[in-house]
Amino acid sequence: MLARQQGVSLVELMVALLLASVITLIALVLLWQQQRAWREHLAMQQIQEEGHLLVRLLRDEAAYAGAHLEALIPPFLPQAETHRNADLEHSVVSFYSQDLTDCLGRNLAAPEIIVNQYYVRANGDGVNALYCRSLARGTWEETELVSGVELFQARVLAELPEGRFAYLAPEAFLAEASAHALEVLVVLRHPQVTTQAQGELRYTDLWGVEKSLDKNAVHGRFFVLQELFNG
Amino acid sequence: MHIASKGSSFVEVLVALALIMISGVSLAVVQRETSFIQQQLLWRWQASQWLDILSTVEESTAQTLPQAPSLWCSETQPPTDCSQQSCELQSLQVWQRQNLCDVMHQELGQVVVMIKSCGSHLCLAMANTENAARRCELGEPTCLMRELNRS
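If you're matching them up, the sequences are chains A and B in order.
Add 37 to the 1-based position in the first sequence for the numbering used here, that's all there is to it.
Add 107 to the 1-based position in the second sequence for the numbering used here, that's all there is to it.
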């Protein structure tokens, strides 16, 4: 007996293809959304980790600045010669200490006076990055710490000669003042990853000036407050 | 022998579609929950950094121990802006505290920080509401607490 095989009709085939396409499309959209969310999450995690490391680095630097130095040299002044490419829209902070290691991790044979200078300049990709350069063994060497720096701003809580207190920018620090604490605000923006959020995010800088940041940027703001060693 | 080729019934198609829909909805719910947990983790991470800063200030500036739980941030703005002009030490401390609160609120949104006793120590508690901060205990997932080291 001949078995009659019945095929699918064109309409059935079209409906099946349409359904399969819709389901595939939905699955792809979900996958794409999941991937984007995961990419944003990784970018945010990266920013947070980099910011946290930076906060720890600057806190340690400020806490140790001035250690073993004679009183004639304050922890971060006089301002050392600034890097010629430093972006002066941002702060330049130079820490002085007597140590065996500089911010580049160079080990010295014996303790010597080290200047670690932090500043922002464009890196090779044209993105603003925070650099540290160090004057040790008589030569300056620099290293990039983190890229995507929107703001690097510092201020020093100083006791003025008349006994009052004021916040001063590091570059405007008075030689006769006594430094008590250092505050730094760092805003990092991921150089590659963006989100779909629209609009602007407003925040105020250390001097009360309102600034804005694109909401579609994956960013992080980090605040450092550290009492100075010989304040 | 006759082999009858039978298509799916309407009910079977409906069940298949329902299963696909349920899978999609479940995936969306998982995605949303994951995102929520990520946000919570990020918030706790940032809040923890802020508690470090606030406890450093509290340990170095506070002179007297509060008798009852009190809010770390004040509602009123200090009269002098010490970022623009020089201040006496006392007004500087008041301004610095409020300034830190402002920066923290910009970063974390509306949070309440409270100084309260935890056992024989003093602690800083941070939560979304004053009640949650008041009820906060060490190790609770809905709030954060930091013990203050005082000499």
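Just so you know, even glycine gets a beta-carbon here, dropped at the ideal spot from N, CA and C.
Alpha-carbon spacing of residue i relative to residue j, whole angstroms
i: B/S177; j: B/R204; result: 14 Å
i: A/A234; j: A/N253; result: 5 Å
i: A/R121; j: B/S130; result: 59 Å
i: A/G268; j: B/V137; result: For A/G268, the pLDDT reaches just 43, beneath the cut-off of 50, and the residue's location in the model is therefore unreliable, although a value from the coordinates is still provided. Taking the straight line joining both Cα atoms gives about 52 Å.
i: B/L199; j: A/A99; result: 21 Å
i: A/L188; j: A/L167; result: 10 Å
i: A/V59; j: B/S115; result: 19 Å
i: A/S171; j: A/V152; result: 5 Å
i: A/A276; j: A/H127; result: One cannot answer for residue 276 of chain A here, as it falls past the ends of chain A, which runs 38 to 268.
i: B/A239; j: B/I160; result: 21 Å
i: A/Q135; j: A/Y155; result: 17 Å
i: A/T176; j: A/V193; result: 27 Å
i: A/L265; j: A/Y133; result: 12 Å
i: A/L197; j: B/Q191; result: 14 Å
i: A/R97; j: B/L126; result: A small correction: the amino acid at residue 97 of chain A is Asp; Arg does not occupy that position in the sequence shown. Cα to Cα, A/D97 sits roughly 57 Å from B/L126.
i: B/L121; j: A/L62; result: 20 Å
i: A/G163; j: A/L95; result: 24 Å
i: B/G246; j: A/V52; result: 56 Å
i: A/S215; j: A/L250; result: 35 Å
i: B/K223; j: B/E244; result: 10 Å
7 Å Cβ shell around residue i - same chain, five flanking residues per side excluded
i: A/V230; result: R76, E77, A80, V255
i: B/C194; result: T187, W202
i: B/S155; result: L251
i: A/E181; result: N160, A166, Y168
Contact set between residue i and chain B, taken where Cβ atoms lie within less than 7 Å
i: A/L201; result: Residue 201 of chain A is actually Arg in this sequence, not Leu. Within chain B, the residues near A/R201 are S193, C194, E195.
i: A/Y204; result: C189, S190
i: A/Q71; result: Q138
6 Å Cβ shell around residue i - same chain, five flanking residues per side excluded
i: A/D124; result: V157, R158
Residue i: contacting residues in chain B (beta-carbon distance under 9 Å)
i: A/A13; result: In the structure as shown, chain A starts at 38 and stops at 268, and residue 13 of chain A therefore has no counterpart that could be examined.
i: A/H256; result: The contacting residues do not exist; A/H256 stays about 11 Å from chain B at best.
i: A/L197; result: S193
i: A/H208; result: Checking the displayed sequence, the identity of residue 208 of chain A turns out to be Glu instead of His. Going along chain B, no residue has its Cβ under 9 Å from A/E208, so there is no contact; the nearest lies around 16 Å.
Beta-carbon neighbours of residue i, restricted to chain A and to distances below 9 Å
i: B/G213; result: Before going further, note that residue 213 of chain B is Gln rather than Gly in the sequence given. Near B/Q213 (Cβ distances below 9 Å), the residues of chain A are R239, Y240, T241, R258.
i: B/T163; result: L262, Q263, E264
Under 8 Å from the C-beta of residue i: neighbouring residues of chain A
i: B/S167; result: E264
i: B/W179; result: The contacting residues do not exist; B/W179 stays about 15 Å from chain A at best.
Exercise. Of all the residues that make up the stretch 230-251 of chain A, which are near chain B by a beta-carbon distance shorter than 8 Å?
Worked result: Y240, T241, L243, W244, G245
Problem set entry | Contained beta strand (DSSP E) runs [length at least 3] in the stretch 177-228 of chain A, N- to C-terminal order | 186-196, 202-205
For this session: Taking a Cβ distance cut-off of 7 Å, strictly less, list which residues of the stretch 127-141 of chain B are near chain A, in chain order.
Result: I127, G131, L134, Q138
Problem set entry | Contact set between the stretch 75-105 of chain A and chain B, restricted to residues whose Cβ is under 8 Å from the partner | H78, M81, Q85, H89, V92
Problem set entry | Chain-ordered residues of the stretch 44-72 of chain A with a beta carbon less than 9 Å from chain B | G44, V45, E49, L56, I60, I63, A64, L67, Q70, Q71
Exercise. Got a sec: which bits of the stretch 209-239 of chain B sit with their beta carbon under 9 Å from any beta carbon on chain A, in order along the chain?
Worked result: D209, V210, M211, Q213, E214
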